[in-house]
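Engineer: Please see the structure below; I have some questions.
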Amino acid sequence: MDATSSMSQRPRALLVLSLDGGGVKGYTSLLILKRIIRTIANDNEIPEPKPCEIFDLIVGTSTGGLIATMLGRLRMSIDECIAQYEVTGQKVFAGHRGTLVKMGRKMAGASFYDIKVLQDEVRKIVQGKGYEVNERMVAKPAKEGDAHECKV
């Protein structure tokens, strides 16, 4: 085997999107991602793809995990995710904007935001996409017609 043929047999590199947490800062991550996807689409003269059609793995911490679930597992477009994040963010992060409130909650060992409100909002999102609330969110093979499998 020559060098060229051995290179062509290498596995394709995985494309991973990692989203940080940070409450409402997740909105900024979505806007940056939107700009990147739009640039890719314009440069290649194609319609804007969903992140789940590009990335092999989408991961996140805290609110980044919520965004990863919406983009990857629920296969939302960035515009759908932004719209949902605006609604969810207003409900989850309202009243917790003050630095002193955040510092006090952190010192007390509590999360910055009311976990019950976040859980309720995640349930609504999942149900809105046609899933059962208690359905396990495990990776499944791509559905027929899906060109790409994305894991979260």
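The sequence shown maps to residues 507 to 658 in the numbering used here.
Just so you know, even glycine gets a beta-carbon here, dropped at the ideal spot from N, CA and C.
1) Would you tell me roughly how many angstroms separate the C-alpha atoms of Gln625 and Ile543, rounded to the nearest one?
2) With DSSP run on the structure shown, which of helix, strand or coil describes Ile546?
3) Which of the three DSSP states, helix, strand or coil, is assigned to Ser524?
4) In terms of residue numbering, what span does the alpha helix (DSSP H) encompassing Leu580 cover?
5) May I have the straight-line CA-CA distance separating Glu559 from Arg579, to the nearest angstrom?
6) In this structure, does DSSP put Lys660 in helix, strand or coil?
7) Give the list of continuous beta strand (DSSP E) stretches no shorter than 3 residues that lie fully inside the region 548–573.
8) Quick check on Asp620: does DSSP put it in helix, strand or coil?
9) What's the gap between the Cα of Met507 and the Cα of Leu520?
10) Going by alpha carbons, who is nearest to Lys630 out of Val598, Asp526 and Asp585?
11) Buried or exposed for Cys590, going by 16 or more other Cβ atoms inside 10 Å?
12) Please classify Gly532 as buried or exposed, where buried requires at least 16 neighbouring CB atoms within 10 angstroms.
13) Measure the alpha-carbon distance for Leu523 versus Thr534 and round it to whole angstroms.
14) From Gln596 to Phe561, what distance separates their C-alpha atoms?
Structural biologist: In short:
1) 29 Å
2) helix
3) strand
4) No alpha helix (DSSP H) contains Leu580, which DSSP labels as neither H nor E.
5) Taking the straight line joining both Cα atoms gives about 11 Å.
6) Limits of the chain in this structure are 507 at one end and 658 at the other, which puts residue 660 out of reach.
7) 563–566
8) In the three-state scheme derived from DSSP, where H, G and I count as helix and E and B as strand, Asp620 is classed as coil.
9) Because the pLDDT of Met507 is 45, which lies under 50, any placement of that residue in the model is unreliable, and the number read from its coordinates should be weighed accordingly. Computed Cα separation, rounded: 25 Å.
10) Val598
11) Note on residue identity: the sequence assigns Gln, not Cys, to residue 590. Looking at its Cβ environment, which holds 16 or more other Cβ atoms inside 10 Å, Gln590 is buried.
12) buried
13) Going by the C-alpha atoms only, they are around 15 Å apart.
14) Cα to Cα, the separation comes out at about 28 Å.
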